[in-house]
Structures are given as structure tokens and as C-alpha cells.
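Okay, structure first, notes after.
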Amino acid sequence: VPSAWQHPYLNRGGHFRVEEWKRSTREGDVGGGTDARLKGTVYRIRGSLPTSSYLQLPRTGTQSLGLGGRYLYLLFKPVPRKNFVVHLDVATEEKQVVRISFSNVFKEFKSTATWLQFPFVCGAAGGGVGDHAARTSKRDGVGAAPADVRWTCLVLDLHSILSHYLERRYSHLKSVKLCCNLLVKTICTSDLVFIPGVTLSEARRGGLACHGVAPMPREMAFPLSKGENWHDLYDYIRFPSEGSKLPNNSIQKSCPGPAAGGEASSFQKSPTRSSCHPSAQDPEDPVHRWAQPVTLTKAVHNRLSLARQITGGGGVSAPW
8 VPSAWQHPYL NRGGHFRVEE WKRSTREGDV GGGTDARLKG TVYRIRGSLP
58 TSSYLQLPRT GTQSLGLGGR YLYLLFKPVP RKNFVVHLDV ATEEKQVVRI
108 SFSNVFKEFK STATWLQFPF VCGAAGGGVG DHAARTSKRD GVGAAPADVR
158 WTCLVLDLHS ILSHYLERRY SHLKSVKLCC NLLVKTICTS DLVFIPGVTL
208 SEARRGGLAC HGVAPMPREM AFPLSKGENW HDLYDYIRFP SEGSKLPNNS
258 IQKSCPGPAA GGEASSFQKS PTRSSCHPSA QDPEDPVHRW AQPVTLTKAV
308 HNRLSLARQI TGGGGVSAPW
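Count the sequence shown with my numbering and you get residues 8 to 327, in order.
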């Protein structure tokens with residue numbers, strides 16, 4: 008059930024710390040460790056079988072997280088040369104529980120009335136999906152994560168997923184099950200669209216707040232040294248991407264957006280309607296329909312242009 012204490016976002020990683028296992032269920036090789044890139048503590052889930060190594064929130068199936076935020080943020084990195092699985096149990100307004108799963112084990116999209124399975128294609132540091140697909144013999148690039156897989160901010164629009172695929176209305180998130188093999192920084196839910204590489208002052212100047220768009224909160228941000236570009240180091244993936252009534256059936260990094268100077272990422276579309284083309288933008292996207300232009304430097308403009316490609320949905324109260 009949505010409530011004021013969940014906004015602007017609720018960090019489940021902060022509430023379920025690795026030292027407080029009483030609030031969660033863990034099986035197999037699950038623990039905390041320090042990641043050199045993030046320079047901080049992360050969750051580590053390793054094993055040979057998803058059923059034998061996992062972290063589940065909350066502790067039992069009879070409990071519920073009760074999180075009503077539209078967007079679920081998972082900041083994670085697949086273990087190189089390994090497979091992983093993630094399960095999300097969500098409740099609908101029709102009083103039905105639907106499981107949403109994604110994995111680099113799944114070869115194709117599968118759907119029933121209560122279960123959606125999405126293949127996840129791991130990108131490589133050297134480029135996008137195409138680079139990884141060229142180096143693997145598996146169909147459509149699905150398979151074990153490459154050796155140089157990057158930390159990823161995955162944004163799942165739970166409302167749109169249920170609406171597009173099952174014609175159901177999203178109510179709340181019940182549980183999360185993270186199965187081997189993963190490194191996880193945190194899990195967050197929010198009604199806001201958080202975008203990386205944009206500062207608070209830039210967002211204010213760009214008028215993003217009234218559209219439900221905000222910079223990444225400090226607690227969710229990946230570290231960035233002076234002069235570094237966020238998209239050169241990490242991946243940002245949103246599913247489903249805006250501007251398509253028929254979303255792609257696999258989760259993967261897609262082609263860069265020219266408006267963002269080659270830095271933007273979204274889900275891959277069909278050849279007939281690419282997210283890299285301006286005509287693919289959703290005319291109902293609130294950020295696409297900005298009323299007044301804002302004079303910005305070229306660098307700031309390039310980063311704010313990312314919002315036009317990756318945002319959608321109604322505005323909510325901003326954290327500033």
C-alpha cells in the first residue's frame with residue numbers, strides 16, 4: 008500500500024543490511040564484501056544453482072514488502088562468466104500475485120497469467136549488446152555474463168510491465184528474490200524517475216522536478232571521479248522503454264541516443280521503430296512536452312536530453 012513514508016524513494020538495501028539477516032532469508036553463499044569499483048560494501052550471492060543460493064526479502068512468503076512505488080531500481084553487477092536469476096512478486100489491483108523474473112539463463116520470453124520471464128542480455132564494457140553478441144555463440148547474446156560486465160542501474164516500470172503484458176493494474180511489490188550469481192549495491196522503489204549524470208542544480212534549471220524526474224540520490228549513486236563520464240563506466244537500463252506500445256521481450260542495453268551525445272541507454276526496439284530515432288519519442292511523455300526552453304551549456308544540455316529518452320509517467324512530489 009503506497010504511503011508517505013515511502014517517498015521520494017525507499018532503499019530496501021538500507022533496511023535489509025547484510026548484518027541483519029533476521030529480516031530476510033538467505034541460502035547458500037550469501038554475504039557482504041567490498042567492491043573495488045564502488046569502493047563500498049555490496050551484497051555477494053554466489054553458487055551453482057539458483058535454488059540453493061539466494062537472498063529473499065522479506066523473510067517468508069506470507070509477509071509482504073507492501074511497496075507501492077512504480078519504479079523498482081536494482082543496482083547490481085552479474086558475476087563474470089556466470090548466470091543469475093531475479094524474481095519479483097508483485098500484487099495487482101485485481102488481487103492477483105504475478106511473478107516477474109529475468110535472467111541471462113532464459114533463452115526466450117515466456118508468459119502465463121501469473122508469470123513473466125524475460126531474458127536478460129549482459130552488455131560488456133567495450134560497448135553495447137552487439138559487441139557481446141558478436142563474441143558469443145548463444146542466440147541473441149543471451150548467456151553467461153562477459154568478463155568485463157559492468158555495474159548496472161536497472162529500472163523496471165512495474166506499472167507498465169503489468170499493463171503491457173497482462174493488462175493488469177499494478178498495486179504493490181510483495182517480495183524480491185535475488186539468486187546467484189550477483190553483486191548487489193541496493194534495491195530501491197520510487198514513483199520518481201532518477202537519471203544519472205545530472206546534478207541537482209542542473210535538474211532545477213532544466214525544470215525536471217515538476218515532471219517527476221530527479222537526479223540520482225546520493226545513496227543510489229555510483230562513484231564518479233572528476234572528469235569521468237558516468238556512461239563510460241556504468242550501464243543505465245530502463246524497461247519498458249518509452250515510445251513503444253509493444254515493448255521488446257528481452258532486457259538489454261540498446262543503441263545510444265544522439266541527443267545525449269551517445270551516452271543514453273534504453274531498451275532495444277524493433278527495427279521498424281528505434282528508440283534512437285526522434286520520431287520514436289512518446290508525444291505524451293511529460294518531459295518531451297516541456298513548455299519553455301531553458302538556456303543551458305552544451306554539456307548540461309546533453310545530459311538533460313537523456314530525460315527525453317528515458318522518462319515517462321506522471322509527475323510526483325520531488326525531493327527538493
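Note that beta-carbon positions come from the ideal geometry of N, C-alpha and C, so glycine has one too.
First and last residue of the uninterrupted alpha helix (DSSP H) at D155
Here D155 belongs to no alpha helix (DSSP H), and DSSP marks it neither H nor E.
I need the DSSP call for A221, collapsed to helix, strand or coil.
Here A221 sits in strand by DSSP.
What did DSSP end up calling D198 once you bin it into helix, strand or coil?
coil
In three-state terms, what does DSSP make of D138?
A caution first: D138 carries a pLDDT of 45, below 50, which makes its placement in the model too unreliable to give a value.
Who does G38 pair with in a DSSP beta bridge?
R51
Assuming F83 contacts L189 under a Cβ cut-off of 8 Å, what Cβ separation, rounded to an integer in Å, is found between them?
5 Å
Can you tell which of S248, A228, N236 has the C-alpha that lies nearest to the C-alpha of L81?
The shortest C-alpha separation from L81 is found at A228.
Hey, out of R245, G54, T48, G150, whose CA is closest to R33's CA?
G54
Hey, how far is the Cα of K181 from the Cα of T67?
11 Å
Span of the alpha helix (DSSP H) around S110
Element bounds for S110: not the alpha helix (DSSP H) but the beta strand (DSSP E), 104-110.
What residue does the alpha helix (DSSP H) around Y172 start on, and which one ends it?
165-173
Taking only the alpha-carbon atoms, compute the straight-line gap between P247 and I168 and give it to the nearest angstrom.
7 Å
Neighbour-count burial assignment, K46, 16 or more Cβ in a 10 Å radius
exposed
For L240 and L79, what's the separation of their Cα atoms in angstroms?
22 Å
Taking just the CA atoms, how far does K233 sit from A98?
The alpha-carbon of A98 is positioned some 43 Å away from that of K233.
Could you spell out where the beta strand (DSSP E) holding S182 opens and where it closes?
Element bounds for S182: 177-186.
Between the beta-carbon of T48 and the beta-carbon of G35, is there less than 8 Å?
No.
According to the neighbour-count rule (16 or more other Cβ atoms, all chains shown, within 10 Å of its Cβ), is E209 buried or exposed?
buried
Given a cut-off of 8 Å, decide if I52 and S60 are closer than it, judged by their beta-carbon atoms.
In contact: S60 and I52 (Cβ atoms closer than 8 Å).
Status (buried if at least 16 other CB within 10 Å, exposed otherwise) for L207:
With fewer than 16 other Cβ atoms inside 10 Å of its own Cβ, L207 counts as exposed.
For F246, the residue or residues it bridges with in DSSP:
L163
Can you tell me which of the three DSSP states A131 falls into?
strand
Determine the extent of the beta strand (DSSP E) in which A98 is found, giving its start and end residues.
92-99
Cutting at 7 Å between CB atoms, please list the residues of its own chain near T302, excluding the five before and the five after it.
Note that T302 scores a pLDDT of 35, beneath 50, so its modelled location is shaky and nothing firm can be said.
Measuring CB atoms only, is the segment 163-179 touching the segment 111-125, in the sense that at least three cross pairs come out at less than 8 Å?
Short answer: they touch.
Taking Cβ positions, are P65 and V92 nearer each other than 8 Å?
No, these two residues do not count as a Cβ contact at 8 Å.
Just the Cα atoms here: how many angstroms apart are H166 and P87?
31 Å
Could you tell me the alpha carbon to alpha carbon distance between A152 and L231, rounded to whole angstroms?
24 Å
V156 and A131: beta carbons closer than 8 Å?
With contacts defined as CB atoms closer than 8 Å, V156 and A131 qualify as a contacting pair.
Which one of H179, V220, P85 has the shortest CA to CA distance from K102?
H179
Anyone know if the C-beta pair for W258 and V162 falls short of 8 Å?
It should be noted that the sequence gives Ile, not Trp, for residue 258. Going by C-beta atoms, I258 is not nearer than 8 Å to V162.
In the DSSP assignment, find the unbroken beta strand (DSSP E) run with L81 in it and report its ends.
78-85
Could you pull the DSSP bridge partners for W122 from this structure?
Partner residues in the beta bridge of W122, as assigned by DSSP, are R106.
Measuring only the C-alpha atoms, how far is V104 from T69?
12 Å
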